[in-house]
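Heads up: the structure comes next, in structure tokens.
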Amino acid sequence: SQQGEEDPQALSIQEGENATMNCSYKTSINNLQWYRQNSGRGLVHLILIRSNEREKHSGRLRVTLDTSKKSSSLLITASRAADTASYFCATAPGYSTLTFGKGTMLLVSP
Amino acid sequence: DTAVSQTPKYLVTQMGNDKSIKCEQNLGHDTMYWYKQDSKKFLKIMFSYNNKELIINETVPNRFSPKSPDKAHLNLHINSLELGDSAVYFCASSQESALGETQYFGPGTRLLVL
Numbered sequence: 001s002q003q004g005e006e007d008p009q010a011l012s013i014q015e016g017e018n019a020t021m022n023c024s025y026k027t028s029i030n031n032l033q034w035y036r037q038n039s040g041r042g043l044v045h046l047i048l049i050r051s052n053e054r055e056k057h058s059g060r061l062r063v064t065l066d067t068s069k070k071s072s073s074l075l076i077t078a079s080r081a082a083d084t085a086s087y088f089c090a091t092a093p094g095y096s097t098l099t100f101g102k103g104t105m106l107l108v109s110p
Numbered sequence: 111d112t113a114v115s116q117t118p119k120y121l122v123t124q125m126g127n128d129k130s131i132k133c134e135q136n137l138g139h140d141t142m143y144w145y146k147q148d149s150k151k152f153l154k155i156m157f158s159y160n161n162k163e164l165i166i167n168e169t170v171p172n173r174f175s176p177k178s179p180d181k182a183h184l185n186l187h188i189n190s191l192e193l194g195d196s197a198v199y200f201c202a203s204s205q206e207s208a209l210g211e212t213q214y215f216g217p218g219t220r221l222l223v224l
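Here you go:
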């Protein structure tokens, strides 16, 4: 069964604005990862946050993790048209491979 | 250099046919995966191989048979294709198989069954 659920399903913003998407999951995890998928392409790993971490940064990306609420958020600051893509959270529940959510479709308009 | 490559990129075929999709990774990873992504973008794990051995086999019809000739290759053979098999199939690899390792994805194979 599906472990992660992203919210919102779709998000439309203007260039320069920040984009925030959330992920909720059901069981305890070892880590949580965010991936990006451009249209017609494979998934690309963005960032991994471990269960004992609360926040992590990578360039314009900021990820938070709240294990008590079983949720994570991905913030993209100063968005660009090139950030237009689908964003997936993936969790590793226990000794298992990754389970992906359905993704958030982000549209950044120039 | 393409880290994870798949062939073909597009595959259009008739119901009942048998087809194969090939995957190769040049990252030196021990583990490879096959995923199916449906029209709603839901990505579901199908199989996982670690050093040529099957470690994950989700509830997939036995018309799907993965084959790993060596740890750099994981091919997917599909017998008696059905309309519902139409989807995008992604191959991926990771350094190890445990604890949710970062995965590296191929570009996908878009399968359309008519």
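Protein chains in written order, with my numbering: chain H, 1 to 110; chain W, 111 to 224.
Note that CB positions come from ideal geometry on N, CA and C, so glycine has one too.
These figures come from a predicted structure and were not determined experimentally.
> Does DSSP put D195/W in a helix, in a strand, or in coil?
Replying inline: helix
> Apart from the five residues on each side of it in sequence, which residues of its chain come closer than 6 Å, Cβ to Cβ, to S109/H?
Replying inline: Q14
> What's the C-alpha gap between I47/H and K56/H?
Replying inline: 8 Å
>> Restricting to Cα atoms, I'd like to know which of G42/H, R54/H and S73/H is closest to G4/H.
In response: S73/H
> Since P118/W meets chain H, which of its residues come closer than 7 Å, beta carbon to beta carbon?
Replying inline: Residues of chain H passing the Cβ test: none, with the nearest at roughly 14 Å.
>> Pairs of beta-carbons, one from the segment 169-180 of chain W and one from the segment 200-207 of chain W, closer than 8 Å: are there three or more?
In response: no
>> For the segment 92-108 of chain H, list every residue whose C-beta sits within 7 Å of some C-beta in chain W, in sequence order.
In response: A92, Y95, T97, L98, F100, K102 and G103
> Would you call the CB atoms of S51/H and I29/H closer than 7 Å?
Replying inline: yes
> Count the other CB atoms within 10 Å of the CB of S1/H; is the residue buried (16 or more) or exposed (fewer)?
Replying inline: With a pLDDT of only 47 at S1/H, under the threshold of 50, the placement of this residue in the model should not be trusted; the figure read from the coordinates follows. It is exposed - the Cβ of S1/H has fewer than 16 other Cβ atoms within 10 Å.
>> Based on DSSP bridge pairs, tell me the residues matched to T64/H.
In response: E55/H and S73/H
> Quick one: any contact between the segment 82-89 of chain H and the segment 34-47 of chain H, if contact means 3 or more CB pairs under 8 Å?
Replying inline: yes
> Is DSSP giving A85/H helix, strand or coil here?
Replying inline: strand
>> Taking the beta strand (DSSP E) that M21/H belongs to, which residues open and close that run?
In response: A19 to S24
> In terms of residue numbering, what span does the beta strand (DSSP E) encompassing E5/H cover?
Replying inline: E5 to D7
>> For L164/W and L186/W, I'd like the C-alpha separation in whole angstroms.
In response: 13 Å
> List, in order along the chain, the chain W residues whose C-beta lies closer than 9 Å to that of S86/H?
Replying inline: K151
> By DSSP, does E134/W sit in helix, in strand, or in coil?
Replying inline: strand
>> Within 7 Å of any Cβ in chain H, is that where the Cβ of F174/W sits?
In response: no
>> Judging by CA-CA distance, which residue of K146/W, H183/W and K150/W is the nearest neighbour of E168/W?
In response: K146/W
> Any idea if D195/W is buried or exposed, counting beta-carbon neighbours within 10 angstroms, 16 or more meaning buried?
Replying inline: buried
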